[in-house]
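There are 2 protein chains.
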Amino acid sequence: MPREDLEKFFYPESVAIIGASTKPEKLGHIILKSLLESGYRGRIYPINPKAEEILGLKCYPSILDVPEPVDLAVIVLPAHVVPSVVEQCGKKGTKNVVVISGGFKELGGEYADAERKMVEIARKYGVRIIGPNCIGVFNADNKLDTFFQSRDRMVRPKKGPISFITQSGTFGCTMLEWAEHIGMSKFVSYGNRCDVDEADLIEYLAEDPGTKVIAVYVEGLGDARRFMEVARRVTPKKPIVMLKAGRTREGSKAAASHTGCLAGTYELYRAMFKQAGIIEAKNFEELFDIAKALALQPLPREGSIGMVTNGAGPCVMATDACVEYGLKVGGYSEETLKTLKERLPPYCVLGLAIDLTGSATSEHYAIALEALGKDPNVSLLMVFFVFQDTPLDEGIIDIMKEAKEYGKPILCCAAGGPYTIKQSRKLEEMGIPVYPTPERAVVAAKALFEYARIRKIGSL
Amino acid sequence: MPREDLEKFFYPESVAIIGASTKPEKLGHIILKSLLESGYRGRIYPINPKAEEILGLKCYPSILDVPEPVDLAVIVLPAHVVPSVVEQCGKKGTKNVVVISGGFKELGGEYADAERKMVEIARKYGVRIIGPNCIGVFNADNKLDTFFQSRDRMVRPKKGPISFITQSGTFGCTMLEWAEHIGMSKFVSYGNRCDVDEADLIEYLAEDPGTKVIAVYVEGLGDARRFMEVARRVTPKKPIVMLKAGRTREGSKAAASHTGCLAGTYELYRAMFKQAGIIEAKNFEELFDIAKALALQPLPREGSIGMVTNGAGPCVMATDACVEYGLKVGGYSEETLKTLKERLPPYCVLGLAIDLTGSATSEHYAIALEALGKDPNVSLLMVFFVFQDTPLDEGIIDIMKEAKEYGKPILCCAAGGPYTIKQSRKLEEMGIPVYPTPERAVVAAKALFEYARIRKIGSL
Numbered sequence: 009m010p011r012e013d014l015e016k017f018f019y020p021e022s023v024a025i026i027g028a029s030t031k032p033e034k035l036g037h038i039i040l041k042s043l044l045e046s047g048y049r050g051r052i053y054p055i056n057p058k059a060e061e062i063l064g065l066k067c068y069p070s071i072l073d074v075p076e077p078v079d080l081a082v083i084v085l086p087a088h089v090v091p092s093v094v095e096q097c098g099k100k101g102t103k104n105v106v107v108i109s110g111g112f113k114e115l116g117g118e119y120a121d122a123e124r125k126m127v128e129i130a131r132k133y134g135v136r137i138i139g140p141n142c143i144g145v146f147n148a149d150n151k152l153d154t155f156f157q158s159r160d161r162m163v164r165p166k167k168g169p170i171s172f173i174t175q176s177g178t179f180g181c182t183m184l185e186w187a188e189h190i191g192m193s194k195f196v197s198y199g200n201r202c203d204v205d206e207a208d209l210i211e212y213l214a215e216d217p218g219t220k221v222i223a224v225y226v227e228g229l230g231d232a233r234r235f236m237e238v239a240r241r242v243t244p245k246k247p248i249v250m251l252k253a254g255r256t257r258e259g260s261k262a263a264a265s266h267t268g269c270l271a272g273t274y275e276l277y278r279a280m281f282k283q284a285g286i287i288e289a290k291n292f293e294e295l296f297d298i299a300k301a302l303a304l305q306p307l308p309r310e311g312s313i314g315m316v317t318n319g320a321g322p323c324v325m326a327t328d329a330c331v332e333y334g335l336k337v338g339g340y341s342e343e344t345l346k347t348l349k350e351r352l353p354p355y356c357v358l359g360l361a362i363d364l365t366g367s368a369t370s371e372h373y374a375i376a377l378e379a380l381g382k383d384p385n386v387s388l389l390m391v392f393f394v395f396q397d398t399p400l401d402e403g404i405i406d407i408m409k410e411a412k413e414y415g416k417p418i419l420c421c422a423a424g425g426p427y428t429i430k431q432s433r434k435l436e437e438m439g440i441p442v443y444p445t446p447e448r449a450v451v452a453a454k455a456l457f458e459y460a461r462i463r464k465i466g467s468l
Numbered sequence: 009m010p011r012e013d014l015e016k017f018f019y020p021e022s023v024a025i026i027g028a029s030t031k032p033e034k035l036g037h038i039i040l041k042s043l044l045e046s047g048y049r050g051r052i053y054p055i056n057p058k059a060e061e062i063l064g065l066k067c068y069p070s071i072l073d074v075p076e077p078v079d080l081a082v083i084v085l086p087a088h089v090v091p092s093v094v095e096q097c098g099k100k101g102t103k104n105v106v107v108i109s110g111g112f113k114e115l116g117g118e119y120a121d122a123e124r125k126m127v128e129i130a131r132k133y134g135v136r137i138i139g140p141n142c143i144g145v146f147n148a149d150n151k152l153d154t155f156f157q158s159r160d161r162m163v164r165p166k167k168g169p170i171s172f173i174t175q176s177g178t179f180g181c182t183m184l185e186w187a188e189h190i191g192m193s194k195f196v197s198y199g200n201r202c203d204v205d206e207a208d209l210i211e212y213l214a215e216d217p218g219t220k221v222i223a224v225y226v227e228g229l230g231d232a233r234r235f236m237e238v239a240r241r242v243t244p245k246k247p248i249v250m251l252k253a254g255r256t257r258e259g260s261k262a263a264a265s266h267t268g269c270l271a272g273t274y275e276l277y278r279a280m281f282k283q284a285g286i287i288e289a290k291n292f293e294e295l296f297d298i299a300k301a302l303a304l305q306p307l308p309r310e311g312s313i314g315m316v317t318n319g320a321g322p323c324v325m326a327t328d329a330c331v332e333y334g335l336k337v338g339g340y341s342e343e344t345l346k347t348l349k350e351r352l353p354p355y356c357v358l359g360l361a362i363d364l365t366g367s368a369t370s371e372h373y374a375i376a377l378e379a380l381g382k383d384p385n386v387s388l389l390m391v392f393f394v395f396q397d398t399p400l401d402e403g404i405i406d407i408m409k410e411a412k413e414y415g416k417p418i419l420c421c422a423a424g425g426p427y428t429i430k431q432s433r434k435l436e437e438m439g440i441p442v443y444p445t446p447e448r449a450v451v452a453a454k455a456l457f458e459y460a461r462i463r464k465i466g467s468l
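Same order as they appear, the protein sequences are chains A and B.
Everything in the first sequence is counted per our numbering, starting at 9 for the first residue and increasing by one.
Everything in the second sequence is counted per our numbering, starting at 9 for the first residue and increasing by one.
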């Protein structure tokens, strides 16, 4: 059952920006400007009792003065006036409200009281709230966004397979930009989580056809029981990757003054995640790296990781990381080794990794990838590049495209300057993820194997 | 005592490229071309018995035919002919040889024998060898490099404080490009390490005035006893950061087929590093991150980390990481808190981090940085930016420049797309390192505290 009451957060036909400002430096101005420039085609109503017109749009004194129905209200006003504005939204029949403003529960005391009061009012009118203390929503489908990050400061991602829900707007901004060319479906920064919570959002995204993987940053959970119930239901169908902040007592304290959340015991969370089939990321890079792999690659069978490279150092470190994570490397079949020995130059090293050395051409890669691609012992291809090595010709991109035909997941590793970034981008744009360090590629591989197991158990 | 016998690896007046080729795709062509384009002003002699001229330079049949002295020979020829060519270098009086070619110890058996034979010959003539199986040397001082990575594939770094010695050419390429705008002094990729080893190189770099921090990637050590003796002598004066690959049995096996090194027991290495005052990096990103901090920032007194941000999520994760690494956060003086309460807007959160919120301007950062900069409890400033947040004006760069005046180390954290990268670059160009994740900033902070302690003990 999709969360129908959340639909208008992502697909409103009309949006009111309550607190829209004439002053360019104000959040209420930036949000309106950004939405106008977004390509979103719904109606937009600036609300401000002191202005006639903002950015060429007629301005209304309150949402109640808007002559047509308003599906979504975005509130960016000082905290103390927000509850009464939520009440106006309720009266107007606007059931979906994003509260950008901070100054609530994260400050404690009377501010937390104001947040509670706001929720009470919302419940009375059947209004759902995302926030407060957040940057709101983004939907790549219709280009809607509620961000106070201007377009020249923050790139919006193309439409794609990752959805991200986050208590931290900061990590939100980073993910939006890192995912630029991988693409995103839906994005929600929900800050203090006074009402709409991760369980609601995951339930919604589970039914979103554009979402292939759900990435989550939380400091603490709202309704843990419902969260578990929803997650358990979703993970056999769509992967959930989660980053949990506030692992330590001091971190929890920091979380409390960020989103007013009690972070809870980390070990308890880990156990819960495991039980619910959630993949845990240990830091933000891991969260992105794992989401990228799950979004772009097929799942592996049980088996070994086959490595191909033109520079062996990173394979040594990758092997260390694989062993430490309990992943197998090498174990190539006799036939594979025979083929490689026959077809590759004699200076190539056929060890745990197939080291084509710095003299490697794309043709050498093609030979190695074909052998490993057909080797029944190999279930995942990890391909390392020193793109800087000049013998490696441009044909490598097409060779990698062909390597997808073996049907095995492929993860690449390459790091360097502008040329390497350009080549890596080409690979990612054709759906092959590239990681800058061997450890990060191995973490992604581990997640693919882990989710393959979760999927298997879930489908029993 | 500087290693005078190594001087000509970095400051030769003349270089012979033995195995220079007329064919553009050959390593021996790329190395010559790259050196010609480098800006290096010494004499360059291509050696190839089958060519009259390569890239406009007169070509000699052998190094013995060059009419003038040759300080440095770079050999890029099939392995089996290299020993006899080293002998010619000895006869010529060329005491410094870089062997780029692979196909030696890393293949085992007779190939390892060839490497041994080559070393015997070198010893006989007093020739020192870097390599084989490597990409050789780079000196930012005179622009010399021996790389087969063309300039359009691999950017060379500007002159700067990091020197890097590495058994892996791949990690070498990455470091050269990552350090582009931080800058490098000397670089050595030494592959199989048949002769010149890490102890020799560290001893040399200890006396190199351009080197402020020595970064090292090793799979196994050559002469561990001498290494320890040298490292113990150097670390009280210059920091050494090391990444050790081949931590696991399988990783060691991978190392053996990479550089022919026995990787040894990881725990033993860790104990040795600790005893010698070496800072250990756990992966390649850490190696670079730590080197960057040590290269650019002053050392902290004992004390607490002060955090300032306009988006608190990363501070929660940074706090977790600090606690896990035994670093203190916050603990601001009464006076600091009083000042901040008076001077900052009321919605700012004065917790473990000073959270200026998404509405922060550079003026708010200035207020917070001044208070923390003068707070006697704070010994390191960790400054987080959501550069995407549009209220944060361009003045922030100057504010950060002024913050250096407090004399405390500053580490920043910011991650995102083009605008964020541009702002981060500006900070790094004025000597303030920026990290993409809180954990990476915290690892750098930990290393600064660690090296401050090493320095203290060393100077007793």
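Note that the Cβ used here is the ideal one computed from N, Cα and C, for glycine as well.
Predicted model only: the values in this text are computed from it and were never measured.
Excluding the 5 residues preceding and the 5 following A/Ser158 in the sequence, name in chain order all residues of the same chain whose CB lies nearer than 8 Å to its CB.
For the purposes of this step, residue 158 of chain A is taken as residue 150 along the first sequence, with counting starting at 1. Cβ within range, chain order: Ile38, Lys41 and Ser42.
Spatially closest choice to B/Thr352 from B/Lys336, B/Leu377, B/Val331 and B/Gly334, by CA coordinates:
Position 344 of the second sequence, counted from the first residue, corresponds to residue 352 of chain B. Note on residue identity: the sequence assigns Leu, not Thr, to residue 352 of chain B. With distances taken between Cα atoms, B/Leu352 lies closest to B/Leu377.
Kindly indicate which residue of A/Arg49, A/Lys220 and A/Gly101 has the alpha-carbon position closest to the one of A/Gly134.
For this step, residue 134 of chain A is matched to residue 126 along the first sequence. Taking only the C-alpha atoms, the option nearest A/Gly134 is A/Gly101.
Does any CB atom of chain A fall closer than 8 Å to the CB of B/Leu63?
One-based indexing of the second sequence puts residue 63 of chain B at position 55. Output row for B/Leu63: interface = no.
Starting from A/Asn291, find everything on chain B with Cβ-Cβ shorter than 9 Å and list it in chain order.
Start at 1 with the first residue of the first sequence, and residue 291 of chain A comes out as number 283. Under the 9 Å cutoff, chain B gives Met325, Ala329, Thr445, Pro446, Glu447 and Arg448.
Could you check if A/Ser79 is buried or exposed, using at least 16 other CB atoms within 10 Å of its CB as the buried criterion?
The residue labelled residue 79 of chain A in the question sits at position 71 within the first sequence. Inspection of the sequence shows that residue 79 of chain A is occupied by Asp rather than by Ser. That one is buried.
DSSP three-state assignment for A/Gly168, whether helix, strand or coil
The sequence position of residue 168 of chain A within the first sequence is 160, counting from 1. Strand at A/Gly168.
Cut-off 6 Å between Cβ atoms - residues of its own chain near B/Thr219, not counting five sequence neighbours on either side
Counted from its first residue, the second sequence places residue 219 of chain B at position 211. Within the same chain, B/Thr219 has close Cβ partners Ser171, Ser193 and Leu213.
Got a sec, what are the start and stop residues for the alpha helix (DSSP H) A/Cys421 sits in?
Taking the first sequence and counting its residues from 1, one reaches residue 421 of chain A at position 413. That residue, A/Cys421, is in no alpha helix (DSSP H); its beta strand (DSSP E) goes Ile418 to Cys421.
Limits of the beta strand (DSSP E) - the one that A/Ser387 falls within:
Residue mapping note: residue 387 of chain A aligns to position 379 of the first sequence, counting from 1. It spans Val386 to Phe392 - the beta strand (DSSP E) in which A/Ser387 sits, taken as one unbroken run.
Spell out whether any CB of chain A is found under 8 Å from the CB atom of B/Ile38.
Within the second sequence, the letter at position 30 stands for residue 38 of chain B. Look at B/Ile38: its C-beta is under 8 Å from a C-beta on chain A.
Per DSSP, the bridge partner or partners of A/Tyr443:
Here residue 443 of chain A refers to the residue found at position 435 when the first sequence is read from its first residue. DSSP lists A/Cys421 as partners of A/Tyr443.
Give me the chain A residues within the contact set of B/Lys261, using Cβ-Cβ distance strictly less than 8 Å, ordered along the chain.
As a first step, residue 261 of chain B is located in the second sequence; it is residue number 253 there, counting from the start. Per Cβ cutoff of 8 Å: Thr327, Gly359 and Leu360.
Of all Cβ atoms in chain B, is any one closer than 8 Å to the Cβ of A/Lys366?
Counting from 1 along the first sequence, the entry for residue 366 of chain A is found at position 358. Sequence check: residue 366 of chain A is Gly here, not Lys. For A/Gly366, the answer is yes, since a Cβ of chain B falls inside 8 Å of its Cβ.
Check each residue of the stretch 126-151 of chain A: if its Cβ is closer than 8 Å to any Cβ of chain B, include it; give the result in chain order.
Legend: CB atoms of the stretch 126-151 of chain A lying less than 8 Å from CB atoms of chain B belong to residues Ile143.
In terms of residues, what are the limits of the alpha helix (DSSP H) holding A/Arg351?
Translated into positions along the first sequence, residue 351 of chain A becomes position 343. Bounds of the alpha helix (DSSP H) holding A/Arg351 are Glu342 to Arg351.
Supposed close pair B/Pro140, B/Ser109 - CB separation, criterion 8 Å:
If you number the second sequence from 1, residue 140 of chain B lands on position 132. If you number the second sequence from 1, residue 109 of chain B lands on position 101. Right, the Cβ-Cβ distance comes to about 6 Å (below 8 Å), so this counts as a contact.
Compute the Euclidean distance between the alpha carbons of A/Ser432 and B/Ile52, then round it to the nearest angstrom.
If you number the first sequence from 1, residue 432 of chain A lands on position 424. If you number the second sequence from 1, residue 52 of chain B lands on position 44. Distance between the alpha carbons of A/Ser432 and B/Ile52: 35 Å.
Considering only residues of the same chain and omitting the five flanking positions on each side of B/Tyr459, which have a CB-CB separation below 8 Å?
Residue 459 of chain B sits at position 451 when you count from the first residue of the second sequence. Here the set comprises Pro247, Ile287, Leu302 and Leu307.
What number of angstroms, rounded off, separates the C-alpha of B/His372 from the C-alpha of B/Arg233?
Translated into the one-based positions of the second sequence, residue 372 of chain B becomes position 364. Translated into the one-based positions of the second sequence, residue 233 of chain B becomes position 225. B/His372 and B/Arg233 have their C-alpha atoms roughly 53 Å apart.
Considering only residues of the stretch 286-361 of chain B, which uninterrupted alpha helix (DSSP H) runs meet the minimum length of 4 residues and lie entirely inside it, listed in chain order?
List check, alpha helix (DSSP H) in window: 292-304, 321-332 and 342-351.
Interface partners of B/Gly177 on chain D, CB under 8 Å:
The question asks about chain D, but that chain is absent: this structure's protein chains are A and B.
Between the beta-carbon of B/Met315 and the beta-carbon of B/Phe395, is there less than 8 Å?
For this step, residue 315 of chain B is matched to residue 307 along the second sequence. For this step, residue 395 of chain B is matched to residue 387 along the second sequence. No, the Cβ-Cβ distance between B/Met315 and B/Phe395 is not below 8 Å.
Given this structure, state the Cα-to-Cα distance separating B/Ala543 from B/Ile429, to the nearest angstrom.
The question about residue 543 of chain B has no answer here: the residues shown for chain B are numbered 9 through 468.
In the DSSP assignment, what are the bridge partners of A/Pro107?
Along the first sequence, read from residue 1 onward, the residue named residue 107 of chain A stands at position 99. Sequence check: residue 107 of chain A is Val here, not Pro. DSSP lists A/Ile83 as partners of A/Val107.
By the three-class DSSP mapping on this structure, what secondary structure does A/Thr529 have?
A question about residue 529 of chain A goes unanswered here, because the residues of chain A that appear run from 9 up to 468.
With 16 other Cβ atoms within 10 Å as the buried cut-off, status of A/Gly64
Within the first sequence, the letter at position 56 stands for residue 64 of chain A. Counting Cβ neighbours within 10 Å, A/Gly64 comes out exposed, since fewer than 16 surround it.
By the criterion of Cβ-Cβ separation under 7 Å, what are the contact partners of A/Glu33 in chain B?
Position 25 of the first sequence, counted from the first residue, corresponds to residue 33 of chain A. Residues of chain B passing the Cβ test: Pro399.
Between the CA atoms of A/Val163 and A/Ala148 - distance to the nearest angstrom
In the first sequence, the residue the question calls residue 148 of chain A occupies position 140. In the first sequence, the residue the question calls residue 163 of chain A occupies position 155. Going by the C-alpha atoms only, they are around 12 Å apart.
8 Å is my cut-off, CB to CB: does B/Arg161 come that close to chain A?
Against the second sequence, residue 161 of chain B aligns to sequence position 153. Against chain A, the CB of B/Arg161 has a partner CB under 8 Å away; the residue lies at that interface.
Thinking C-alpha only, which one of A/Phe156, A/Glu185 and A/Ile173 is nearest A/Pro165?
One-based indexing of the first sequence puts residue 165 of chain A at position 157. Scanning A/Phe156, A/Glu185 and A/Ile173 for the CA closest to the CA of A/Pro165 turns up A/Glu185.
Of the listed residues B/Lys346, B/Gly180 and B/Met236, nearest to B/Leu276 (C-alpha basis)
Taking the second sequence and counting its residues from 1, the one referred to as residue 276 of chain B is at position 268. Closest option to B/Leu276, Cα to Cα, is B/Met236.
Whose Cβ in chain B lies nearer than 7 Å to the Cβ of A/Arg255?
Here residue 255 of chain A refers to the residue found at position 247 of the first sequence. Those are Asp328, listed as they occur along chain B.
Contact list for B/Glu227 against chain A, beta-carbon separation under 9 Å:
What you label residue 227 of chain B is simply residue 219 of the second sequence in a count that begins at 1. Going along chain A in sequence order, the residues near B/Glu227 (Cβ under 9 Å) are Gly321 and Val324.
By the 10 Å Cβ neighbour count, where 16 or more other Cβ atoms means buried, how is A/Glu402 classified, buried or exposed?
Translated into positions along the first sequence, residue 402 of chain A becomes position 394. Exposed, because fewer than 16 other Cβ atoms sit within 10 Å of the Cβ of A/Glu402.
Give, in chain order, every residue of the stretch 95-121 of chain B whose Cβ lies closer than 7 Å to some Cβ of chain A.
So the list reads Gly110, Gly111, Glu114 and Leu115, given in the order they occur along the chain.
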